[in-house]
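Take my numbering: the final residue in the sequence shown is number 378, and no numbers are missing along the way. Remarks on the structure that follows.
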Amino acid sequence: MKMVTPIVIIQKHLMKYFLAILLLNLSLAAQSQTGLQPGTSVPVNDQIKEDSIPLSQYADAYAVVAGGSKGIGYGIAEALARRKYNLVLIARHMDSLVAAKNKLESHYGVHVEILQHDLSKKESAVEIAQWCTERNLKLKMLCNVAGFGGSKDYLTLSLDSLHYMVNLNIESCMALSLTLLPLLEKNAPSYIMNVASMAGFAPIPIKNMYSATKSAVVFFSYSLRYQLKDRGIGVSVLCPGPVYTKPEIEIETKKKLGFLGKLMAMKPGREGEVAVKKTLKGKLMIIPGTWNRVMSWVVRFLPRRWVTAIYYNLGT
Ligand SMILES: NC(=O)c1ccc[n+]([C@@H]2O[C@H](COP(=O)([O-])OP(=O)(O)OC[C@H]3O[C@@H](n4cnc5c(N)ncnc54)[C@H](OP(=O)(O)O)[C@@H]3O)[C@@H](O)[C@H]2O)c1
């Protein structure tokens, strides 16, 4: 019979502790999101150098940022404006769209158009593409950012809210990519950046719908990249860990994870900068933050049944 020594017991407990912290981090990535107001200063890591970008290359280029008025979308829009891309920002609320436009135009001297749409609505993708095509926009990048998560999910959400989540998280991303494809192809080389989440790497029972919709975005992006590879359109998928797009996420991350949470969490401006930089470099999977990359690698490596069971037992 095999002896169970105290060292083996300690090792087992350490492993459990490590996995618990790991999965807690990933579930935080699935928390509800509201955004950083454009008036807030967005710190960007000094290590990222802007001087290697030939600005003239982008002088009349446009990028569409669906969900670009706040949070990560605003961070992405700002990173693009820094590179002299003109922008089309899409969101539901006019006040934050106007605030984002004013700030980006005055800080970066780019032209910003704003379109008020609910992206969960079927007609939005067609109307947006029509608007861009009529103006013969030199479209170089489409960023599908808007998404819906939250503390409630399957079993506790109404059927309407479940439809809304699927329509916004999956359908709008797929529909906009398709309706804007002709313009992206015409202006190739061009890029599509889809925003998923680290929550898309594993089933999370308490966030069933959110993790399922985000995994759909990951799979869709992988396949689309190969479907478009001969058309000069790069496809990337951004999988953020916890991003401080509202004070609650910051407070909860610090409270639950302490120092490790601090290591993993990102600010929207930094997230957007890394996302744009790597998309332009043609990277497929983008996971900003070293700790987030390590964690996501472990979760993807472990058997899916184990990860699901651990998430279930954690109840987070
Ligand atoms: N924050 C995180 O920790 C985190 C982690 C992993 C993944 N993500 C993903 O990253 C993306 C952005 O998250 P975030 O935290 O930056 O969100 P956010 O701060 O709430 O910003 C969302 C943006 O999308 C717009 N938007 C939301 N619903 C929309 C709709 N139905 N139609 C049109 N525009 C809509 C919002 O403007 P309006 O409200 O005016 O419409 C806003 O511009 C989401 O897909 C989210 O799932 C976030």
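Don't be surprised by glycine CBs; every beta carbon is placed ideally from N, CA and C.
Is it buried or exposed for residue i, if we count other Cβ within 10 angstroms and need 16 for buried?
{"i": "Arg293", "result": "exposed"}
{"i": "Val188", "result": "exposed"}
{"i": "Asp222", "result": "exposed"}
{"i": "Arg366", "result": "exposed"}
{"i": "Arg197", "result": "exposed"}
{"i": "Lys251", "result": "The sequence given here places Pro at residue 251; Lys does not occur at that position. Classification of Pro251: exposed, given that the 10 Å Cβ count is below 16."}
{"i": "Phe321", "result": "exposed"}
{"i": "Ile349", "result": "buried"}
{"i": "Phe282", "result": "buried"}
{"i": "Met255", "result": "buried"}
{"i": "Gly129", "result": "buried"}
{"i": "Tyr253", "result": "buried"}
For residue i and residue j, I'd like the C-alpha separation in whole angstroms.
{"i": "Val257", "j": "Pro330", "result": "13 Å"}
{"i": "Arg241", "j": "Ala191", "result": "The sequence shown places Thr at residue 241, not Arg. Taking the straight line from one Cα to the other gives about 6 Å."}
{"i": "Tyr272", "j": "Met260", "result": "11 Å"}
{"i": "Ala153", "j": "Gly135", "result": "10 Å"}
{"i": "Val297", "j": "Thr218", "result": "34 Å"}
{"i": "Tyr374", "j": "Tyr306", "result": "25 Å"}
{"i": "Lys340", "j": "Gly351", "result": "13 Å"}
{"i": "Leu286", "j": "Ile372", "result": "31 Å"}
{"i": "Leu364", "j": "Pro265", "result": "12 Å"}
{"i": "Glu314", "j": "Gly323", "result": "9 Å"}
{"i": "Thr370", "j": "Asn270", "result": "10 Å"}
{"i": "Val172", "j": "Lys165", "result": "10 Å"}
{"i": "Thr275", "j": "Met227", "result": "8 Å"}
{"i": "Gln178", "j": "Ala141", "result": "22 Å"}
{"i": "Asn206", "j": "Val360", "result": "27 Å"}
{"i": "Leu290", "j": "Lys317", "result": "43 Å"}
{"i": "Ser358", "j": "Ser277", "result": "13 Å"}
Check this for me: beta carbons of residue i and residue j, under 7 Å apart or not?
{"i": "Leu238", "j": "Leu201", "result": "no"}
{"i": "Leu181", "j": "Val126", "result": "no"}
{"i": "Val160", "j": "Glu167", "result": "no"}
{"i": "Ala143", "j": "Tyr124", "result": "no"}
{"i": "Arg362", "j": "Phe263", "result": "yes"}
{"i": "Asn231", "j": "Gly209", "result": "yes"}
{"i": "His347", "j": "Val299", "result": "The displayed chain sequence assigns Met, not His, to residue 347. In contact: Met347 and Val299 (Cβ atoms closer than 7 Å)."}
{"i": "Ala337", "j": "Pro304", "result": "no"}
{"i": "Leu376", "j": "Trp353", "result": "no"}
{"i": "Ser186", "j": "Ser158", "result": "no"}
{"i": "Ile176", "j": "Lys184", "result": "no"}
{"i": "Glu310", "j": "Gly137", "result": "no"}
Residues bridged to residue i by DSSP?
{"i": "Gly209", "result": "Bridge partners of Gly209: none, in fact."}
{"i": "Leu300", "result": "Val257 and Ile348"}
{"i": "Glu175", "result": "Val150"}
{"i": "Ala128", "result": "Ile152 and Asn206"}
{"i": "Ile295", "result": "Ser252"}
{"i": "Val305", "result": "Met328"}
{"i": "Leu201", "result": "Tyr124"}
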